[in-house]
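Single-structure report; data block below.
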Amino acid sequence: MKKILFVITQFYKGGAEVALLNLFHHLPKSEFEIDFLIFDQMILKDAQSLIPQIPSWIHVCNAAEKEGKYAVIKKAWFKIYRKFTKHQLYRKSAYKFVKNKQYDVAFSYGEWMSPEFVATKVSAKKKMVWIHADIDKANYVDERILFGYDNLYNGYIFVSECSRLAGECAFPQLKGRSYVVHNMCNDDAIRRLALESIPDEEIYPVPWLVSVANLREEKNYPRMVETMKCLKDRGMDIRWLCIGSTANPFLLNKINTMIANYGLQNNFILMGVDQNPYRYMAKSRAVLVLSDFESWSLVITEAKLLQIPVIATRTSGALEQIEDNKTGRFVSFEPMEIADVIEEYLRDPEIEKEMSHQLEGFSTNSTTLKEFYDVIGEP
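Mapped onto the UniProt record's numbering, the consecutive letters of the sequence shown carry residue numbers 1 to 379.
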């Protein structure tokens, strides 16, 4: 039996977090003993915690659980301290959780967090950093922090081959020490959830498009609003449903202002968090993923499982996930050009029908599990 530790900052619904949750559900408890340390889980408005969905056999330490509203203050102080010192502070409960334990493999999960804790406070035969973004593009990645403990790590996991190769090119020290484990979906659950009814479906009487993305800078919601304006100006009567956390108040205000100024209140709809976005995806004409960068989009994989074509910007992940004009369409990063492709697609139902046909039988699970076992070794 292998003993494995995963360490993460927070565990709210997002692509990287859902992928890890899906992996948890597919690992046999007879072969693994898993500890899961969550540093900074706080009470956030319009953010969906995934902690209740973690399998009961996994040992979870929610280090900030007893701090309530004070957890936000402590996290802010930790960020300031890290910015100026390039070192990270941690809660006592985190130290206690891993003290005197020996792991086979320990993962520092996410390029957005410092790998210092796993590097210096955890005893493990193998230590890995699990990266979910294009680190050559993500402006929040500080290489001095990400690689500050490089000599104490055995390797780095990426979620797509394009992202891995780009990472090696930008940071040569990764060569020979980087691996790919694609994000995993729960195929059967997604297809089952997609069959659930939609509340107030009558309020969406026209064809709709869906984007599933938390309100973050790299998702580029302003680009989506500008694209919707172009489509409306051309007389396209559609709804664009955006599902995801709106917990960024500054960006939310900006997007709401754009929606109001362009008169898109009935066209571009911020739905917030929904525990089952698949029912909307399944009845949409297309799923739109228009990020600035995306090393591997779980939403694209989920749409493919539902046989829904995807229209996406040319990010490194999308380039691996989509066959252009076969299972989806690539677009540029310019709203006018994106609108051109969407309009062409919507006006010709045969394109949608053929792309959906090409997605029959698509699945994900066996590939990801094999990649994971290749990294950690068989149990």
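Even glycine gets a Cβ: it sits at the ideal position worked out from N, Cα and C. Remember, predicted model here, so these are calculated numbers, not experimental data.
Any idea if H182 is buried or exposed, counting beta-carbon neighbours within 10 angstroms, 16 or more meaning buried? buried
Residue 461 and G317: beta carbons closer than 8 Å? Outside the modelled stretch of the chain, which goes from 1 to 379, sits residue 461, for which no answer is possible.
Going by beta-carbon coordinates alone, are Y221 and L195 separated by less than 8 Å? no
Identify which residue in F11, W208, L264, A260 has its Cα closest to the Cα of I238. W208
For Y262 and I269, the rounded distance between their alpha carbons: 13 Å
Cα separation between D200 and Y280? 12 Å
Mind checking who F107 pairs with in its DSSP beta bridge? F6, M128
Under DSSP, the alpha helix (DSSP H) around V299 begins and ends at which residues? 298 to 305
Straight-line gap, G176 to F372 (C-alpha atoms, nearest Å): 17 Å
Rounded separation between V287 and T227 - CA only: 14 Å
Where do the ends of the beta strand (DSSP E) carrying S366 lie? Unbroken run through S366 is the alpha helix (DSSP H), 365 to 376; no beta strand (DSSP E).
Name the residue from I54, Q275, A133, L193 whose alpha carbon lies nearest to the alpha carbon of N22. I54
Secondary structure of F24, DSSP reduced to three states: helix
Pick helix, strand or coil for Q53, following the three-state DSSP scheme. helix
Is the distance from the Cβ of V331 to the Cβ of T315 below 8 Å? no
Does DSSP put residue 451 in a helix, a strand or coil? Residue numbering for the chain in the displayed model covers 1 to 379; residue 451 lies beyond these limits and cannot be assessed.
Terminal residues of the alpha helix (DSSP H) in which G155 lies: Unbroken run through G155 is the beta strand (DSSP E), 155 to 158; no alpha helix (DSSP H).
How far does the beta strand (DSSP E) with L264 in it reach, from first residue to last? First-last for L264: undefined, no H or E at that position.
Rounded straight-line distance, which links the Cα of K353 to that of R234: 24 Å
Starting from the C-beta of A63, find all residues in its chain whose C-beta is less than 6 Å away, skip the five residues before and the five after it, and write them out in chain order. F39, R91, S93, A94
Between the CA atoms of I311 and P335 - distance to the nearest angstrom: 13 Å
Do you know how far the Cα of I308 is from the Cα of Y345? 13 Å
In the DSSP assignment, find the unbroken beta strand (DSSP E) run with H59 in it and report its ends. 59 to 62
Would W130 and S108 be called neighbours here (beta carbons separated by less than 8 Å)? yes
Can you give the Cα-Cα distance for K283 and V206, rounded to whole angstroms? 11 Å
Residue environment, H132, which counts as buried when at least 16 other CB atoms sit within 10 Å: buried
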